[in-house]
Amino acid sequence: MRLILGLETSCDETAGSVVADGRKILSNVIASQVELHRQYGGVFPEMASRQHVLDVVPVIREALAQAGTEWESLAAIAVTSGPGLVGSLLVGVNIAKGICWATGLPLIGVNHLEAHLYANWLFFPQKGTDDRAAPAAPEFPLVCLIVSGGHTDLVLVTGHGQYRVLGRTLDDAAGEAFDKVARLLGLGYPGGPAIQAVAEDGNPKRFDLPRAWLKDTYDFSFSGLKTAVLRAVKDYGGLPHSGQGRSAATAARSEGNDEKPATRHPRSAAPRARLRKLPLADLAASFQTAVVDVLVAKTSQAAEEFQVKEVLLAGGVASNTLLRERMVARTAVPVRYPPPALCTDNAAMVAAAGYFKHMTGQRDNWDLDVLPRLSLH
0 MRLILGLETS
10 CDETAGSVVA
20 DGRKILSNVI
30 ASQVELHRQY
40 GGVFPEMASR
50 QHVLDVVPVI
60 REALAQAGTE
70 WESLAAIAVT
80 SGPGLVGSLL
90 VGVNIAKGIC
100 WATGLPLIGV
110 NHLEAHLYAN
120 WLFFPQKGTD
130 DRAAPAAPEF
140 PLVCLIVSGG
150 HTDLVLVTGH
160 GQYRVLGRTL
170 DDAAGEAFDK
180 VARLLGLGYP
190 GGPAIQAVAE
200 DGNPKRFDLP
210 RAWLKDTYDF
220 SFSGLKTAVL
230 RAVKDYGGLP
240 HSGQGRSAAT
250 AARSEGNDEK
260 PATRHPRSAA
270 PRARLRKLPL
280 ADLAASFQTA
290 VVDVLVAKTS
300 QAAEEFQVKE
310 VLLAGGVASN
320 TLLRERMVAR
330 TAVPVRYPPP
340 ALCTDNAAMV
350 AAAGYFKHMT
360 GQRDNWDLDV
370 LPRLSLH
């Protein structure tokens with residue numbers, strides 16, 4: 000049994016996890032910063048990195064304690080090296096280097112997007128059962144839709160580490176669109192769960208919102224949809240708060256990253272009182288359905304074209320109930336997705352990805368650097 004300690008600090012979660020053989024989760028510790036950033040409507044980069052510094056050592060200690068293991072029992076340390084917020088990434092990579100220097104363990108840098116994909120290999124052990132009861136691992140070839148706050152990628156996977164990006168967003172990521180529309184509607188942060196909750200009581204056909212089908216490509220675009228929601232809000236007399244001064248989105252871009260941008264001022268959300276006449280639930284449902292329609296259509300088309308055995312969902316938006324239900328209904332092959340706790344950022348997925356790299360002899364040297372705009376190749 001090979002144990003990998005995974006570390007994740009790419010955005011606003013400080014996470015540590017011990018995973019056995021790339022699948023079995025022995026511990027999964029997450030220190031979330033959601034409440035810290037909620038007043039800004041998104042992640043404030045400098046604040047995030049400072050909080051990682053405070054949380055990372057206690058998180059690692061707790062991950063080892065929950066797993067009941069010591070440094071001597073580990074096979075390697077896997078850490079997210081990109082993409083993400085540069086200051087946040089540096090915290091994780093530097094402490095991983097320090098641990099490897101002190102213990103002699105191999106250092107493995109992991110692509111955050113690849114890690115999200117590997118969340119589909121993980122399982123939590125059940126009391127009273129042995130590993131023979133574990134769910135079967137995904138079968139290649141497969142198509143994975145990675146949908147998060149900063150990325151929307153459709154990937155053909157033919158084996159471990161063998162990727163072909165079929166399409167990606169040309170502007171806003173799906174999760175970013177959820178966050179921006181939620182702020183526009185005064186629903187708060189994070190936007191995905193907020194919109195899904197409000198949309199449950201809404202009529203998804205009330206607003207005829209556009210779908211960017213982008214003919215003859217698997218790429219995505221959600222900026223036009225976001226603009227259409229803004230027009231609908233204006234039509235009902237509600238205007239979004241524009242904010243003042245330098246935004247955290249600008250701060251994030253200046254660091255070389257555009258993931259989960261935030262408005263600097265707590266007043267970023269539109270006052271709900273100004274939107275009373277707006278059929279909020281209907282607009283939220285119409286927006287959510289428009290996003291899901293495009294994601295499902297392109298993914299199911301890719302599954303058919305490339306004759307894959309499975310479709311995987313990954314990333315924070317993969318926890319969206321409508322997306323899961325529509326994907327299962329539309330796709331001819333089995334659809335697999337992680338439990339919600341493994342859709343958002345966590346270190347178990349990093350450990351899983353690190354394990355499969357470790358098994359093929361992949362290692363990183365002390366010159367491992369963070370890559371805020373790293374993509375999946």
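For the sequence shown, numbering that gives the first Met the number 0 begins at 0 and goes up steadily by one.
Each residue gets a CB set at the ideal place from its N, CA and C atoms; glycine is no exception.
I need the DSSP call for Val17, collapsed to helix, strand or coil.
Within the sequence shown, residue 17 is the residue found at index 18, counting from 1. The answer is strand: DSSP assigns Val17 an E or B state.
Worksheet item: Given Val293, which residues of its chain have a CB within under 6 Å of its CB, disregarding the five upstream and five downstream residues?
Response: Taking the first residue of the sequence shown as 1, we reach residue 293 at position 294. Beyond the five residues adjoining it in sequence on each side, Val293 comes within less than 6 Å, by CB distance, of Arg210 in the same chain, given in chain order.
Return the CA-CA distance between Pro333 and Ser220, expressed in angstroms with no decimal places. Taking the sequence shown and counting its residues from 1, the one referred to as residue 333 is at position 334. Taking the sequence shown and counting its residues from 1, the one referred to as residue 220 is at position 221. Roughly 26 Å separates the two Cα atoms.
Could you say which of Leu229, Val33, Ser9, Leu63 lies nearest to Ser48 if we only look at CA atoms? On the sequence shown, position 49 is the one that residue 48 refers to. It is Ser9 whose Cα lies nearest to the Cα of Ser48.
Are Gly187 and Val316 touching if we call contact CB-CB under 9 Å?
If you number the sequence shown from 1, residue 187 lands on position 188. If you number the sequence shown from 1, residue 316 lands on position 317. In this structure, Val316 does not lie closer than 9 Å to Gly187 by Cβ.
field: Segment limits, alpha helix (DSSP H) that includes Val56
entry: Translated into the one-based positions of the sequence shown, residue 56 becomes position 57. For Val56, the enclosing alpha helix (DSSP H) starts and ends at 44-66.
- Message: Could you compute how far the alpha carbon of Ala313 sits from the alpha carbon of His115?
- Response: Here residue 313 refers to the residue found at position 314 of the sequence shown. Here residue 115 refers to the residue found at position 116 of the sequence shown. Here the alpha carbons of His115 and Ala313 stand approximately 6 Å from one another.
Exercise. Determine the DSSP secondary structure at Ser374, reduced to helix, strand or coil.
Key: Position 375 of the sequence shown holds residue 374. Of the three classes helix, strand and coil, the one that applies to Ser374 here is coil, per DSSP.
Closer than 7 Å by C-beta to Val180: which residues in its own chain qualify, once you throw out the five before and the five after it? Chain order, please. Position 181 of the sequence shown, counted from the first residue, corresponds to residue 180. Setting aside the 5 residues that flank it on each side, Val180 is surrounded in the same chain by Gly190, Ile194, Lys225, Val228, Phe286, each with a C-beta closer than 7 Å to its C-beta; the list follows chain order.
Worksheet item: What did DSSP end up calling Ala351 once you bin it into helix, strand or coil?
Response: Along the sequence shown, read from residue 1 onward, the residue named residue 351 stands at position 352. Ala351 falls in the helix class under three-state DSSP.
For Asn119, does the three-state DSSP call read helix, strand or coil? As a working note, residue 119 is residue 120 in the sequence shown. In the structure shown, the three-state DSSP call for Asn119 is helix.
- Query: So is Phe123 buried or exposed if we call it buried at 16+ other beta carbons inside 10 Å?
  - Reply: Reading the sequence shown from its first residue, position 124 is the one you call residue 123. Burial call: exposed.
Item to complete: List the DSSP bridge partners of Gln446.
Response: The structure shown does not extend to residue 446, since the chain is modelled only from 0 to 376, so the question has no answer here.
For the structure I just gave you, are there three or more beta carbon pairs, one from the stretch 294-314 and one from the stretch 132-147, closer than 8 Å?
Counting Cβ pairs under 8 Å, three or more are found: they touch.
- Message: Tell me the rounded alpha-carbon separation between Leu144 and Val164.
- Response: Position 145 of the sequence shown, counting from 1, holds the residue named residue 144. Position 165 of the sequence shown, counting from 1, holds the residue named residue 164. Counting only the Cα atoms, Val164 lies some 10 Å from Leu144.
Excluding sequence positions up to five away, which residues of its chain have a Cβ less than 7 Å from the Cβ of His159?
Within the sequence shown, the letter at position 160 stands for residue 159. Hits under 7 Å: Phe355.
For the alpha helix (DSSP H) that Ser380 lies in, which residues bound it at each end? The chain is shown only over 0 to 376; residue 380 falls outside these bounds and no answer can be derived.
message: Whole angstroms are fine: how far does the CA of Met326 sit from the CA of Val295?
response: In the sequence shown, the residue the question calls residue 295 occupies position 296. In the sequence shown, the residue the question calls residue 326 occupies position 327. Going by the C-alpha atoms only, they are around 5 Å apart.
For this session: Check whether the stretch 196-213 touches the stretch 50-62, counting contact only when three or more Cβ pairs, one atom from each stretch, lie closer than 8 Å.
Result: The stretch 196-213 makes no contact with the stretch 50-62, as fewer than three CB pairs between them are under 8 Å.
| Cutoff 6 Å; reference Thr330; Cβ partners in own chain excluding five residues on either side | Taking the first residue of the sequence shown as position 1, residue 330 is located at position 331. Within the same chain, Thr330 has close Cβ partners Ser299, Ala302, Val310.
### Query
Buried or exposed: which applies to Arg362, given that a residue is buried once 16 or more other Cβ atoms fall within 10 Å of its Cβ?
As a first step, residue 362 is located in the sequence shown; it is residue number 363 there, counting from the start. When all chains shown are included, Arg362 counts as exposed.
Query raised in the report: Three-state secondary structure (DSSP) at Cys143?
Result: On the sequence shown, residue 143 is found 144 positions in, with the first residue counted as 1. Residue state, collapsed to three classes: strand.
Quiz item: Who does Ile24 pair with in a DSSP beta bridge?
Solution: In the sequence shown, the residue the question calls residue 24 occupies position 25. According to DSSP, residue pairing for Ile24 in a beta bridge involves Val18.
**Item:** Completely contained beta strand (DSSP E) runs for the stretch 166-218, where each covers 3 or more residues
**Value:** With a minimum length of 3 residues, no continuous beta strand (DSSP E) run stays inside the stretch 166-218.
Q. Per DSSP, Leu4 forms a beta bridge with which residues?
A. By one-based count along the sequence shown, residue 4 stands at place 5. Bridge partners of Leu4 according to DSSP: Val17, Ile76.
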